[in-house]
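Engineer: Quick note: the sequence shown uses the working numbering, first residue 348, plus one each step.
C-beta atoms are modelled at their ideal positions from N, C-alpha and C, and glycine is treated no differently.
Given the structure is predicted, the values throughout are model-derived calculations rather than measurements.
Input: one structure, supplied below.
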Amino acid sequence: MALLLEPAAVEWLGLDAVFCTALFDALRPGLGHPYKQLREEVARSLFLIVNAAGDRSGGAGLATVADHIETWLIEKAESLLVKLRDTAGTVTETEASRPQHILESSGVCFVLIHTALSRLVVDRFHELAPRCLEFLLVATTNSDHELRGLATHTLVLCCGSQPAVPGIVDVSKQELQIAVMMRTAIGLFRRTDGSTLNDKELEKAFKLAVQPLIFANMFMLCGKLHNGAPANLDELWTIIEEHVGHSKHEVRHAASGALAALLGLEGKGAWKANVNKFVSLAGPPMKRGGPCDTNKNRSVAGVMGLSCILLSVADVGVTPWTGHVVERMAPYGKPGTVEFILKEVQGTFQTFMRLQQANQQSWKECQEKLTPAQLELLSACKGSLSYYS
Numbered sequence: 348m349a350l351l352l353e354p355a356a357v358e359w360l361g362l363d364a365v366f367c368t369a370l371f372d373a374l375r376p377g378l379g380h381p382y383k384q385l386r387e388e389v390a391r392s393l394f395l396i397v398n399a400a401g402d403r404s405g406g407a408g409l410a411t412v413a414d415h416i417e418t419w420l421i422e423k424a425e426s427l428l429v430k431l432r433d434t435a436g437t438v439t440e441t442e443a444s445r446p447q448h449i450l451e452s453s454g455v456c457f458v459l460i461h462t463a464l465s466r467l468v469v470d471r472f473h474e475l476a477p478r479c480l481e482f483l484l485v486a487t488t489n490s491d492h493e494l495r496g497l498a499t500h501t502l503v504l505c506c507g508s509q510p511a512v513p514g515i516v517d518v519s520k521q522e523l524q525i526a527v528m529m530r531t532a533i534g535l536f537r538r539t540d541g542s543t544l545n546d547k548e549l550e551k552a553f554k555l556a557v558q559p560l561i562f563a564n565m566f567m568l569c570g571k572l573h574n575g576a577p578a579n580l581d582e583l584w585t586i587i588e589e590h591v592g593h594s595k596h597e598v599r600h601a602a603s604g605a606l607a608a609l610l611g612l613e614g615k616g617a618w619k620a621n622v623n624k625f626v627s628l629a630g631p632p633m634k635r636g637g638p639c640d641t642n643k644n645r646s647v648a649g650v651m652g653l654s655c656i657l658l659s660v661a662d663v664g665v666t667p668w669t670g671h672v673v674e675r676m677a678p679y680g681k682p683g684t685v686e687f688i689l690k691e692v693q694g695t696f697q698t699f700m701r702l703q704q705a706n707q708q709s710w711k712e713c714q715e716k717l718t719p720a721q722l723e724l725l726s727a728c729k730g731s732l733s734y735y736s
């Protein structure tokens with residue numbers, strides 16, 4: 348590490364392909380070492396080699412080995428993905444009995460964590476992060492608690508990665524990398540082999556991959572992402588809207604969080620079109636005990652979309668049109684509506700009021716912006732607080 352951090356030594360090392368290759372070969376077996384601290388130091392050393400190579404144009408030794416390291420890590424992640432899926436649900440009894448593929452998976456996570464914390468995911472590893480997204484996603488659902496926590500942290504860091512010095516980093520390269528990450532994230536849902544993610548993987552994909560990509564992305568927030576962004580964003584909208592009506596509560600709410608993030612990027616005048624779209628999607632309120640509605644998921648998606656609009660507004664202060672959203676949601680929160688839709692609306696109204704009543708001033712401002720009739724609807728449709736409220 349001392350050699351890899353010393354500029355004079357790096358300049359000398361960069362010319363010695365034999366030494367750099369031997370160094371990589373010596374470190375390679377340690378990625379899956381049973382001793383956690385050694386595993387982490389090996390991962391840090393691999394990152395330092397790639398970091399020392401810079402843009403990989405300064406010397407045959409470091410540049411060549413950096414390419415080999417990235418290719419090897421990608422191949423390793425792809426092979427580990429298969430093993431993680433094959434052994435899903437297997438519980439590790441003790442630290443000593445942890446399988447080799449679990450240890451190697453945590454080693455790959457350590458490499459990505461060191462890179463992401465240095466904010467060099469884009470500059471140093473050009474393809475590794477996008478190619479590892481599915482591997483990380485599956486690792487977040489693994490029964491091994493250490494790998495699960497490590498992969499969760501890694502996935503969020505990689506999807507929310509930003510360059511260290513925006514004024515120096517090649518912005519077009521950063522835009523392209525983010526577009527690739529978005530395309531890869533979309534590929535988690537639109538799979539060419541016909542397979543689908545399980546419910547837990549769907550939940551993690553929205554919560555740990557899609558949301559960070561939206562929230563931490565300065566190009567998307569500024570509306571300046573051009574490399575395939577319109578198509579990617581439209582596709583994300585479609586995928587999220589397909590899943591906000593999911594039958595599984597956890598998936599539904601993870602997708603709703605992603606939808607709220609996208610709604611936050613909309614312009615000031617987009618609220619009316621969004622409200623109309625979700626009301627149309629929701630259709631008339633589904634009555635309890637009524638005939639089974641074949642568009643049940645669409646109806647739930649519409650109600651969840653209205654909930655996201657209301658909560659996204661509550662998070663930034665009550666806008667003049669907030670009362671209109673309350674009026675459109677209220678029919679779905681009246682007694683007689685299908686139970687779980689009723690509970691979603693009541694939960695949304697309770698959360699909205701709790702946010703507004705956090706202090707006297709905010710509640711006073713809210714009351715000034717809503718009409719008495721709208722305030723009465725809020726109160727009538729919020730239901731009663733339960734243990735889980």
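Considering only DSSP beta bridges, list what Thr462 is partnered with.
Structural biologist: Note: Thr462 sits in no beta bridge, so no partner.
Engineer: For His500, report the span of its alpha helix (DSSP H) as first-last.
Structural biologist: That run of the alpha helix (DSSP H) goes His492 to Cys506.
Engineer: Compute the Euclidean distance between the alpha carbons of Glu358 and Ala476, then round it to the nearest angstrom.
Structural biologist: Answer to the nearest angstrom: the Cα atoms are 27 Å apart.
Engineer: Restricting to Cα atoms, I'd like to know which of Ala648, Asp546 and Lys643 is closest to Glu589.
Structural biologist: When only C-alpha atoms are compared, the closest one is Ala648.
Engineer: Near Gln458, what residues of its chain come up, given a Cβ to Cβ distance below 7 Å and the 5 sequence neighbours on each side ignored?
Structural biologist: The sequence shown places Val at residue 458, not Gln. Ala390, Leu393, Phe394 and Leu420, listed in sequence order.
Engineer: Which of helix, strand or coil does DSSP assign to Lys554?
Structural biologist: helix
Engineer: Assign Thr718 to one of three DSSP states: helix, strand, or coil.
Structural biologist: If DSSP states are grouped into helix, strand and coil, Thr718 belongs with coil.
Engineer: What's the C-alpha gap between Val397 and Asn545?
Structural biologist: 35 Å
Engineer: Please list, in chain order, all residues of the same chain as His380 whose beta carbon is under 6 Å from its beta carbon, the five residues on each side excluded.
Structural biologist: Arg386
Engineer: Spell out a yes or no on whether the region 499-507 and the region 461-477 are touching, meaning 3 or more CB-CB pairs, one atom from each, closer than 8 Å.
Structural biologist: yes
Engineer: Cβ of Tyr486 within 8 Å of Cβ of Ser452?
Structural biologist: Going by the sequence as given, residue 486 is Ala instead of Tyr. Yes, the pair counts as a contact, with Cβ atoms nearer than the cut-off.
Engineer: Please report the residue range of the alpha helix (DSSP H) in which Pro354 lies.
Structural biologist: Pro354 to Leu360
Engineer: Once you ignore the five residues that flank Leu722 on each side, which residues in its own chain have a CB closer than 6 Å to its CB?
Structural biologist: none
Engineer: Could you give the distance in angstroms between the alpha-carbon of Gly361 and the alpha-carbon of Gly408?
Structural biologist: Approximately 5 Å between the Cα atoms of the pair.
Engineer: Around the C-beta of Gly592, are 16 or more other C-beta atoms found within 10 angstroms, so that it is buried, or is it exposed?
Structural biologist: buried
Engineer: Measure the Cβ-Cβ separation of Thr488 and Lys551 and say whether it is below 8 Å.
Structural biologist: yes
Engineer: Near Ser558, which residues of its chain fall below 6 Å by C-beta distance, leaving aside the five closest residues on each side in sequence?
Structural biologist: Reading the sequence as shown, one finds Gln at residue 558 and not Ser. Answer for Gln558: Gly604, Ala605 and Ala608, listed in chain order.
Engineer: Pick helix, strand or coil for Thr684, following the three-state DSSP scheme.
Structural biologist: strand
Engineer: With a CB to CB cut of under 8 Å and the five nearest residues on each side skipped, what residues in its chain are close to Arg478?
Structural biologist: Ile421, Ala424, Glu425 and Thr531
Engineer: Less than 8 Å separating the beta-carbons of Lys729 and Gln697?
Structural biologist: yes
Engineer: From Ser659, Ala400 and Met529, pick the residue whose C-alpha is nearest to that of Leu612; which is it?
Structural biologist: Ser659
Engineer: Is it right to say Met348 is buried, meaning 16 or more other beta carbons lie within 10 angstroms of its own, or is it exposed?
Structural biologist: exposed
Engineer: Please classify Lys634: does DSSP put it in a helix, a strand, or coil?
Structural biologist: strand
Engineer: Using DSSP with H/G/I as helix, E/B as strand and the rest coil, what is Lys679?
Structural biologist: Checking the sequence shown, residue 679 turns out to be Tyr, not Lys. Helix at Tyr679.
Engineer: Taking 7 Å as the limit between beta carbons, can you name the residues of its chain near Met528, skipping five residues before and five after?
Structural biologist: Ala476, Pro477, Cys506 and Leu560
Engineer: How is the alpha helix (DSSP H) around Trp419 delimited, first residue to last?
Structural biologist: In the DSSP assignment, Trp419 falls within the unbroken alpha helix (DSSP H) covering Ala407 to Asp433.
Engineer: Quick one: grab the DSSP three-state call for Trp584.
Structural biologist: DSSP, read as helix, strand or coil, puts Trp584 in helix.
Engineer: With distances taken between CB atoms, is the gap from Lys643 to Thr684 smaller than 8 Å?
Structural biologist: no
Engineer: Return helix, strand or coil for His671, following the three-state DSSP convention.
Structural biologist: Residue state, collapsed to three classes: helix.
Engineer: Please return the same chain residues whose Cβ sits closer than 7 Å to the Cβ of Pro667, not counting the five positions on each side in sequence.
Structural biologist: Residues Lys716 of the same chain have their beta carbon placed closer than 7 Å to that of Pro667, with the five preceding and five following residues left out of the count.
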